Every structure is written in structure tokens, then in C-alpha cells.
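Residue numbers (this note's numbering), protein chains in the order written: chain X, -13 to 330; chain A, -13 to 330; chain C, -13 to 330; chain P, -13 to 330.
Heads up, the beta-carbon is just placed ideally off N, CA and C, and yes, glycines get one too.
All values reported here derive from a predicted model rather than from experimental measurement.
4 protein chains.
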Amino acid sequence: MKKGFASDNNSGVLPAVFKAMEAANNGHVLGYGNDPFTQKAISLFKERFGEDTEVFFVFNGTGANVLGLSSITQSFHSIICAETAHIQEDECGAPEKFTGCKLIPIEPVHGKITPEAVLPHLKGFEFEHHSQPRVISISQVTEMGTVYKPEEVQALAELAHRNGMYLHMDGARIANAAVSLGLDFRKFTRDCGVDVLSFGGTKNGMMMGEAVLFFNPELSRLTKYIRKQSTQLYSKMRFVGAQFVAYFENDLWKEPATQANKMAKLLESEVTKIPQIRITEPVEANGIFAEIPRKLIEPLQKEFFFYIWNEQTSEVRWMCSFDTTEEEIMSFTKLIKKLLYLKT
Amino acid sequence: MKKGFASDNNSGVLPAVFKAMEAANNGHVLGYGNDPFTQKAISLFKERFGEDTEVFFVFNGTGANVLGLSSITQSFHSIICAETAHIQEDECGAPEKFTGCKLIPIEPVHGKITPEAVLPHLKGFEFEHHSQPRVISISQVTEMGTVYKPEEVQALAELAHRNGMYLHMDGARIANAAVSLGLDFRKFTRDCGVDVLSFGGTKNGMMMGEAVLFFNPELSRLTKYIRKQSTQLYSKMRFVGAQFVAYFENDLWKEPATQANKMAKLLESEVTKIPQIRITEPVEANGIFAEIPRKLIEPLQKEFFFYIWNEQTSEVRWMCSFDTTEEEIMSFTKLIKKLLYLKT
Amino acid sequence: MKKGFASDNNSGVLPAVFKAMEAANNGHVLGYGNDPFTQKAISLFKERFGEDTEVFFVFNGTGANVLGLSSITQSFHSIICAETAHIQEDECGAPEKFTGCKLIPIEPVHGKITPEAVLPHLKGFEFEHHSQPRVISISQVTEMGTVYKPEEVQALAELAHRNGMYLHMDGARIANAAVSLGLDFRKFTRDCGVDVLSFGGTKNGMMMGEAVLFFNPELSRLTKYIRKQSTQLYSKMRFVGAQFVAYFENDLWKEPATQANKMAKLLESEVTKIPQIRITEPVEANGIFAEIPRKLIEPLQKEFFFYIWNEQTSEVRWMCSFDTTEEEIMSFTKLIKKLLYLKT
Amino acid sequence: MKKGFASDNNSGVLPAVFKAMEAANNGHVLGYGNDPFTQKAISLFKERFGEDTEVFFVFNGTGANVLGLSSITQSFHSIICAETAHIQEDECGAPEKFTGCKLIPIEPVHGKITPEAVLPHLKGFEFEHHSQPRVISISQVTEMGTVYKPEEVQALAELAHRNGMYLHMDGARIANAAVSLGLDFRKFTRDCGVDVLSFGGTKNGMMMGEAVLFFNPELSRLTKYIRKQSTQLYSKMRFVGAQFVAYFENDLWKEPATQANKMAKLLESEVTKIPQIRITEPVEANGIFAEIPRKLIEPLQKEFFFYIWNEQTSEVRWMCSFDTTEEEIMSFTKLIKKLLYLKT
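Next up, the structure:
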């Protein structure tokens, strides 16, 4: 299949990550995380996020979100998130099914929610007829390709904590956020008051495997049971551990995220020159949203596959990946122009 | 406690209903619905709604909604309703907990939702990442005291059915709706395409007991198991059956609902005369919503208890009940005027 | 329907209980338990069980068990009970559905379980692959008509507590147990270490309504939300409160339970004289289990309905109720003898 | 870590499987299974099990069981299995949590259940108080290292189907069973009436990934939604697909399973010579269960780690893996003898 802009999970695995898995494929180790690779990976997370961070590896992003949210809720709680959040739109109701909680979707601005928008939903505390607000959940990078600034995260954390609630962050694209902000992971997560973090690797060149991080050990006291019961405990966990070890070594994660973000900016700057295209969201990481002439969609998709975001408005999503190249961006924009009969 | 305007469930039981329960308290009958009172009640429902209607009695309104919704959903479905719906705001997440489904709240206009507002949420069919839209749920009377017209119900039913979905109606105050519309129950439910109906009696003078009606027997094939598993199967069911028998005899239900609605209209007409009070929702059944001067609330509540609906806007809810009297309305409005130093 | 021996829930409501409900049917009171009847009933429970007892009223026995068990478990726990327990056999999986827990059924002896039988299942603690043992649940009276002695309850409580677990008691027929033991309720529940008790009234002459009692307030900190979410919060709760007030006044509960138990003993003594009948369980409360000639079953059921317990062994269950009379017992045994061509 | 006999999941990945993953790590493919590797793997399953087989890949064994069972049950059903079954003992209640069903454990003989043992639990059909029997679930290889013969599978399937139920097979070690029986996979699964099969690969040399197979397409009509909602949908599914393609090519799976089974038989024949050791279960695949002198356990574990199965009886489990060697078996038995002061 020709490379396109469908999703950053259409790409494969970073060679260094693959090599690390191969090196881990050697003899016997105990299962379910009691192996040196997993233990090493956990210690690398602790280095980055603080020694009292609790780390649980799972298979995938939905699993990570479900595990994190289940650990900090009871079924009569509610979880407040953006209408566009992955947990609201793209997990087929896994959070409701597993936690039993109500999700309260809020209309976001450029994929982000604000304390002002959350506030009206912080009601009914102690009133048994009403699902009890318990979690504010945000995505970093958001599903609209934007990035919360540290002070924005902090404001939401403070609002949550003032109300006895927690701040959960879905960091499926956290590497792209770190690169975009130019900050260490910790600076815009734990240091801003995030309580539970889904730390994703798959979309930035790992094969599979995400980590759920708890910055208050009390919150994860029962998480190991929840992980098993939620089907997310991996027997040969060394193969996730080894990936994360490689991922952090020499900050391996930085280069692919940088490349993906850079390609998105390049694409942005190229299509900005095309008057028939309107970029709809700030381009702050590796995704671009744009309204394009409807007639463009089909012929473009044939050469570079991508998804339509909004049929009504003819809005599309273009995701750049760690292996997206400058040549591809240029060919793509050249094709757009050609299809529009622009001089190229 | 002095009568007030807190809720129509603060009132007691209609004497005729009580007498019927007493008459049913005689000797042995089989449990769990295999008794003549329950069977008679079922036949009375069938008379009103059609012989192929399937009828399941439960204890209360939340139980009725949970049973009806569970019967027509799987956990990966979604249920679309007004932001103000009882199932969204007032059941502490019982629908999510029991069905596993996602609830999608829509901003209503005067408590009602329209096909136009529902339409953008009918998406992602067959796309496994997205909770599958399955049910549109409306309340009749709505939680804002308004009443869907038959053609409004029908338009939503048609939208649902066109998309392979069902229309669920929470009829906790269905008697008030029937009186308001001047229509037989069937005319604005089954005949308009409602698939599943929570038929409430408690708020209109019964002691406890609601019925879940299915207008397509296929939908309720497994409902008896769900009722038991959801804790809503009543052993001495004759005491619900007997109530409904009395409720339908000589259309007993009509008078209390008529009185409650009438009192609400009277209250409306009285407070409309007071310039400091702004009625916020059309008064179509037995509830009134009004923004009133903040300083009025506490002294008024002392004499006639009621609930604040919206702290921010100083909006209150006044519910009339079957036993609300003209004298009470007049004393209440007199007190308002007195508190406002109006001439009374 | 002619009275029979099918179930103690086939009987109606004690006149004094009915009268109390009627007296409560007067004017307005707040809903959901904030009424004087409910508050009075709670105080009567506290008198009997200790001032720090937490009391939650629900509609029925399955609701009571689900609420009690949900309050003290998380979904990765297990609940150990007799194979014959109501929660295992007769609630259509409501405990699993609502708690998410695993139920571990143990083969009982005469309906009872012992520490010795429970012990082998107390394993896998801290081992995340294994459902974590959390609750031992017993029924008092058991489903086989037997009664745990205080020291038997205590032994199970001690075993539970030694292992960080709780003892739950399903007291659907607790009045019959109290009469059988000749002890105050507290003596064989809280004083023996029971942590959570479903206190039943329906089978002993109430219309509906059970209480869930917690003897450690910490355990019920979140119970009010669980009650609402489990559909068991009753709006017009005064009608349960009023019943319990009457039930405790002058120990009203004692007479009906005494009568039911007495009738069971009478029936036992009568059928013991019939050589073709073998009583299979000790008769300690109001139920009798007996193997009888198969040909007897149908003609007997025609006159006095009852249920077959075990088709294979031709074992039947005869339940006596508060309104079972000596005459009925004598007619019943006379009929048995007649059907067996014995001299009567 | 030195190789031992702890579990067949302590081993790594077969070189050919690893190589296939590496080959798949090339450019972009669509996510979530719409890639050529996954499609090819599906077609290989269809070749082996029939063209109308429906195939769903998941991450792990618990995920496979949960997905298969969820697809064929509703929450008021029950699932009958051996007391020793993985779904009963080793999944921390994941089946109950996700399906809501009751699991009914049966005492097995050598890990197997029989129609005779299942029969008494096939009761209460149509009786709404009782969890409705829906699934018989067996493990092949069983958790006790034994293998169901085709006629044993068939007898259970017939019993299930006669009662409107399904037969589910947990084939976490299905390759070891196939080798043990000398039969193609289909011969002892679909051809014997199995309806749903968890087809495991991880314990036989894959990195991760299991397949859930449905032999009646109607049963899996909604499975894709359940897979997503149960967190088991893998974005980069090609890396599971590629493994299975390699696994089936030239029957790659056969050699490792053969080796593991062979080593178990060798170990059996060696320890049989030691009078202080009593083998407790027939050795029919790659696991051995034996009662050994208690004092042996610790020193043996130091050199070759393994798990204690039953503390009381000093029974241990030794699992052989695809990479267990003859030398290891001989060193191990030599050490046993040495510890027992036997001549070696």
C-alpha cells in the first residue's frame, strides 16, 4: 500500500524498537511483567515522571484509557470530556461498559475544553440522583491536532482537585505533544496536576504497548486486578518492556515525533498557499484538518489515502507519521494543485 | 409537612387505588405476576394499547427505563436523549450501568428534541469504533413541563425507524400528557411509532408501580429475564396489578392528572400577573419553571417547599400534584405578592 | 386461589401493616426517604441493632442483596456462598451483573456452609489472576429451611475477618430465624460478626420493602449512590417506612413468624407418621422438604399448590406462611393419607 | 533467567515468526485488520476450518475467551465449565465482568467435564429466576494437561445443542492438543460440534495474538463491536496477522508443540522411575502434575523454576515449552535424584 495520510497507526515499527524486541527474544523470563525488560522500562518511566510513579503496561490505547479510568472511578461517577475525545467517539463505549460511568461530552474549541466549559457540569455533588462528577479527561495531543499548553492543563487540574475530582490525560500522541511544546513529558503532565496518564507509544513507532501512569500511588492500589480483569495483562510482557526501553534510550522517541510534526507544518505551509483549501484547526502536532473542494477528495484518496472528517462540510483529516517524507508532502500538494488546475 | 410544590411524588395515594389494594389483600395468590390482579391489569393495558402489547410491571420509573432500554440494546449501542432527560440527569447513571450503552445528550428546546437536532448524531453506523446509535429516548411530559405533540413524536419515530433504531418514551407523567393533549394514551405513543414505553403511575396517585410496554413482541422476548436480573421483579405483584386495575377503571387516572394540570395553569395565570417573575417554559402539564427574584426563594420555600432548578439564573420549579388545591395556589401567589410588597 | 404451601410470598399483608400504610397516606411528605415514617423506621432499626447501624430501604430481596454486596465489593472480588443460596440459584445472575464479581458456590450441608468448606476457596490473595475472595454470604433461614446457630455464624464471621473479608447475611426470612432461635435479631447477626444484613419483611407479612443494614458505617459510605443506580430508590418511601414502623411496634413481626414456624413443625410431626414420606432437611423454621411418592404430587398440588424441589428424587418443598392454619395442615395430611389409602 | 518449567509463556518467539513480523514491518498498511497480512491469515484459518468460519484476532487468551463468550451470551445466561478452567480460576473474573453471566464450576475428572456432570446443571430453562444455561466451555488442552478425545468433545456438543446451548472451547494450547491427538485442528473442534473456539498461539511460540473462530456466522454478527468495546481491537493488526501466516506455513506450529509434548513425556518417564514422586494427572500434552516430597520444592525451584499447584498436597506443575531440551529434562531429573540421595 502506498503511504498516505490516513493515520499514524498505518506506519510500522521503528528499526531500533524492532531490534530491541529481537534482543529480548532470548531464553526464558517470567511472564506478566516480572521480567528484567519490563522492570527496566518501569524504572525509565520513574526517572522521567518521579520515583513514586506507578506504571502499568497494557496492549493498546483503549485498554490504557479503560484501565486508568476504572482505577479512579466507581460506576456512579461521571467523566467529563470533549465531544471529540477518543473515549467519547472512538472506543465503541468501552469506558461506559467497563467503568459503568456516565460520560459527559462538552463542545470543545479546537479540540480543547476549558474550566469555563466544564464548570456548569460540576453539579449535583452528594445528590444521589445525579452521576457524581469524578474525572475530567483530556487528550494530549487532542483529536483535532491541537496541544494543551501547560497552564491550560494546570487550570483544569486545579478545577478538578478543588472539586475532589481527578484529571486524566489520554496521551496517545504524547510524544508529538512533547515535541510541539518543547517540554519534557513531566512538565506538562504530572507537574501540571495530571493524576492519571495514558502514555502512548504505538502511534509513534512502537509495535504495540501503552503505559498507564499514576502519580498518586493510592490511586493504583487495585489497578493490577483491574488490568487482569479488563483483559489487558500481557503474558509475554517483556516484548512491551523491551520496546519502551529502546524508546527512551537516547530519547529515541523524539526524532519520529519531530519528523511527524515537521511534516504536518510543511503540509500546512504548502496547502495554505492554495486558496481553495481552508485549514480548520491550528496545526500544532502531526495532524491537519482542512475543508477542501469535494471533487478533490476521491482522486486525492486514490493516490494518498486519508479519511473524511465531516461529510457535510467536506472537511478532511491528514495525519503525518514518523515516516512521512518531504517528498511525499510535495507530491501530495503537487497533486492537489494539479487536480485544481493550478500552476505547479 | 405542609403541602408545597416540590414534586408530584410528595403526594400520597388516591383513595380508590388504596381501596383496591386492600381488596387484593385477601388470601393467597401466586407470586411474581401469576395472579388474577396482575393478569387483569395486563388485559386492561392491552385494551388500551392493542392486544399484542407486551406488559411488564416494575417498581419504579428508573426501573422501567432501565428495563425498557436494556431490552432493546446491546452494550455497544448508544441512546440519544435530551440533556434534561431523567435518564441523563436523574438516574445516577443507572442506564449506563445496566445497559453498558453510551448516552448522547442533546441540547433540547423547551425540554424537547427534534429530528434536526438528533440527525448529526446518527453517524458511524457499521463503524466498529463508534457506539452504534440504537435508541432515541424522549420523555412525555418532558422534564421541563412541556408535551410532545403527536406529530413531533411521529417525526422522531420515523427518523429512528429509518435508521434501524427504536423510539423509547419515558412516560413517568404520561397521564398529564394525555390530559394535556386530550388524547387517548395510544394516540400519541404506539400510533405515533413509539416502540417501548415506560408507563408511570406513581406520580399520578399510585403507591408504586410502573409498566413497561412493548408494541413489538419480538423486542420483549427476553425481557422477563432482564426484569429479574435487574432486581425489578416483585414477588407480591398483585399489589401493583390491583392498583392499575383501579387506575383504569372508569378512567380513574384522568381526574387527578386533570387537576394537577389545571392547577399549574392557574398558577401560571396568577404569576404571569407578577412582573418580577418570568415563566421560562411553556406550561403544558403540571410543572412550572420560572425565574424569580432570588430573595423570594427562601421565605417562599419555608411556607411552600419547592426546588431550585438553576442557582445561576434563580430559576425554580413548581410542581402541581393531583391534590393541589385552588386555595393553595391562591395562598402561594398571595405570599409571593406579599413578599414583593405588591398589593394583594 | 386456595391457600397452599407454594411460598410464603403467596400470602398477603398483615392487617396492622396495611393500617399503618393507610395512616401514612395523608398529605405531602418529601420523597426518597426524607419523611418522618422512614426516619422513624430507621430509628427503630438502630434501637435493635445499635445506633451506628446504617439503614437503607429497598423494594425487594434481590435488590437488598445486590445493594449490600455491591457496597462491599469491587468487580474483581469473589463471593462465596452455598450452592443453594438465593443469590446463586434464584436471582437470575443479578449479583454478577451488578457487582461484576464471581460467585463461588459451595456444596452445603442442610443448606449451610461451614468454615471447613469455605477454607479451600480462600486462596489466590494478592494474585492478580484470581478473583479476590471478599465476601462469605449466608442465608438465615437457609433456602433449605434450616437455621444457623449463633456460633456457626460467628465461626464464619471470624474466618471472613481473619482474611480481610466480610460476612453478608441474606435475611429474607430473618423473623423466622429469630423465632426459631428464640433470640433478638442482633444476637445472631451483628453480635456474631455479620457485616451486612438484608433484613426481609415481605415474606412475613409486609407488602414490599426490605432493609439493608451495615454495622460498620464505613462500608456504606457510597451506598446511597449505589441504591439509586441499582434502581432501588423508592420515591414514596414513606410506604415502606410506615410498614416497618408497624412491623416493630409491639414486636408485631413475632406472631406471624411464630405461626409459620409452628405450622411447619406441626406438618412435620404429622407427615413423620407417614412411612412413605421422608423428610430430608431438619425443620427449623417455616419450610419442609420431603421426598414423597411421585404419584402423590399431582393430586396433592391440585388441592394445595406447592413446588417440586427435585424432579429426580421426587422431593418437594412445603412452605408455611403466617396465615397457614392448623386446619389446613390437618386437611393436607389427611389428603396425603387418603391418597395413600391409609386409614385417616 | 535460567529456563525452567514455570509456564510455556516464559519462552520467547519462534525465529520464523519473528522473521515474518520483520518482513511485515514495511511501509504503510491500513489499521485494524484491513491489511494483507491479516487478510491472508484469515484465509489460512478458513482453509483449515471451513470457508464460512469467521475469524477475529485479539491480543491474548483472556481477551479471546471474553470475546467469544460475549458474542454468544446475554447477561442473564450461565456458562458451565470445569472448576479448574482458566475462565473460572485464572482470569480474575473477566468473563463475569464483561458478559455479566454466571459461571457454574463443575468438579472435573483429570481436568475434563462430562455430559453426566453437566446434566444436573441444565435446569431452570424458561424460569426467569434462574440464570439461563447457555454455554458449556471446555479447555483443550485442559488446565490439568489432559486432552479431550473427539468423541468426548462431540458428546458435550450434542448435549449443548440439544438444550439450545453452545459449546465453547478455550484452545490456548490447541497446538499441543492437535499433536497429542494426531489430528487436524478441525477434526476435534468444528467437526465435533464446537461453536466458538479461542485459538491460541502465544504459548506455542508466537509473540502475542489469538484468534476467535465462529463456525456459525450468525453467532459473530455483532462480534466486531464487542471486540472494540472489550479493548481487544489492535491497531497495527498486521503484526498479529503476519505471525499467524508464518505459524501455518508448512505447519510451522507442529514442530514446537511436538517438542513440548515430547519433553513432557520424557520427563514423565524419568520421574516415574522415582518412587517418591507420584504423577497425578495423565500426561497427554506438555504439562505434568506431580506430588513430590515437600523438601524438594525449594531447592529444585532454585535451579529450575516452577509453580506449586497445591500447597496442601505438595503437588507441583511442570510445564514444558517448545524450547525445552532433552538435556534440561535430564539435568532436572538428575537434580531431583540427587536431592533425594538416589544414585544418579
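Integer-rounded CB distance, given that residue j should sit under 8 Å from residue i
| i | j | result |
| --- | --- | --- |
| Ser(-3) of chain A | Phe200 of chain A | That pair is no contact at about 29 Å. |
| Glu8 of chain X | His72 of chain X | With 8 Å as the limit, Glu8 of chain X and His72 of chain X do not qualify as a contact, their Cβ atoms being about 31 Å apart. |
| Ala230 of chain P | Gly187 of chain P | Contrary to the premise, residue 230 of chain P reads as Phe rather than Ala in this sequence. Between Gly187 of chain P and Phe230 of chain P the Cβ distance is about 7 Å, and since that is below 8 Å, they are a contact. |
| Gly54 of chain C | Val182 of chain C | 4 Å |
| Gly273 of chain P | Ala250 of chain P | 6 Å |
| Asn46 of chain C | Ser221 of chain A | 7 Å |
| Leu252 of chain X | Glu312 of chain X | 6 Å |
Partner residues on chain C for residue i, Cβ-Cβ distance less than 8 Å
| i | result |
| --- | --- |
| Lys83 of chain P | Ser61, Phe62, Gly86 |
Proximal residues of chain P, C-beta to C-beta of residue i below 7 Å
| i | result |
| --- | --- |
| Glu75 of chain C | His116 |
| Gln218 of chain X | Thr217 |
Within chain A, partners of residue i - CB distance below 7 Å
| i | result |
| --- | --- |
| Cys78 of chain X | Phe62, Glu114, His115, His116, Ser117 |
| Lys210 of chain P | Glu114 |
Nearest to residue i (by Cα), restricted to the options the options
| i | options | result |
| --- | --- | --- |
| Val127 of chain X | X:Ser117, X:Pro119, X:Arg120, X:Gly97 | X:Gly97 |
| Ile99 of chain X | X:Val121, X:Ala68, X:Phe111 | X:Ala68 |
| Phe185 of chain P | P:Thr85, P:Ala50, P:Ala80 | P:Ala50 |
| Gln298 of chain P | P:Ala163, P:Val3, P:Glu277, P:Tyr152 | P:Glu277 |
| Ser123 of chain P | P:Arg148, P:Lys135, P:Tyr152, P:Glu144 | P:Tyr152 |
| Glu(-10) of chain X | X:Lys324, X:Asp21, X:Met316 | According to the sequence provided, residue -10 of chain X is Gly. The question's Glu does not apply to it. It is X:Met316. |
| Glu114 of chain C | P:Gly79, P:Glu93, P:Leu105 | P:Gly79 |
| Pro136 of chain C | C:Ala6, C:Ser166, C:Glu284 | C:Ser166 |
| Ile65 of chain C | C:Gly17, C:Ala146, C:Val95 | C:Ala146 |
| Ile263 of chain P | P:Leu282, P:Phe23, P:Glu270 | P:Leu282 |
| Thr266 of chain A | A:Tyr233, A:Phe290, A:Glu301, A:Thr209 | A:Glu301 |
C-alpha gap between residue i and residue j, whole angstroms
| i | j | result |
| --- | --- | --- |
| Trp295 of chain C | Phe275 of chain C | 8 Å |
| His407 of chain A | Leu326 of chain A | Since the first and last residues shown for chain A are -13 and 330, residue 407 of chain A lies out of range. |
| Asn12 of chain A | Ser56 of chain X | 50 Å |
| Met193 of chain A | Glu314 of chain C | 33 Å |
| Val139 of chain X | Gly110 of chain C | 41 Å |
| Pro261 of chain X | Gln245 of chain X | 26 Å |
| Val121 of chain C | Pro101 of chain A | 49 Å |
| Glu112 of chain X | Phe43 of chain A | 30 Å |
| Gly131 of chain P | Asp76 of chain P | 15 Å |
| Phe31 of chain X | Thr39 of chain X | 8 Å |
| Tyr293 of chain P | Trp304 of chain P | 7 Å |
| Ile58 of chain X | Ile212 of chain X | 11 Å |
| Glu235 of chain P | Pro106 of chain P | 44 Å |
| Ala197 of chain C | Gln218 of chain C | 11 Å |
| Val52 of chain P | Val3 of chain P | 26 Å |
| Gly195 of chain P | Thr24 of chain P | 11 Å |
Residues sharing a beta bridge with residue i, DSSP
| i | result |
| --- | --- |
| Ala2 of chain P | Paired residues: none, contrary to the question. |
| Gln118 of chain X | X:His63 |
| Arg34 of chain C | Answer is none; Arg34 of chain C lacks a bridge partner. |
| Ser(-3) of chain X | BP columns for Ser(-3) of chain X are empty, so no partner. |
| Ile265 of chain P | P:Ala276 |
Chain-ordered chain P contacts of residue i [CB-CB under 8 Å]
| i | result |
| --- | --- |
| Met249 of chain X | Those do not exist, as Met249 of chain X stays about 14 Å from chain P at its closest Cβ, beyond 8 Å. |
| Lys214 of chain A | Phe62, Glu114, His115 |
Beta-carbon neighbours of residue i, restricted to chain X and to distances below 7 Å
| i | result |
| --- | --- |
| Leu89 of chain A | Lys88 |
8 Å Cβ cut-off: residues of chain X touching residue i
| i | result |
| --- | --- |
| Val52 of chain P | Thr217 |
9 Å Cβ cut-off: residues of chain A touching residue i
| i | result |
| --- | --- |
| Phe4 of chain C | Met7, Glu8, Asn11 |
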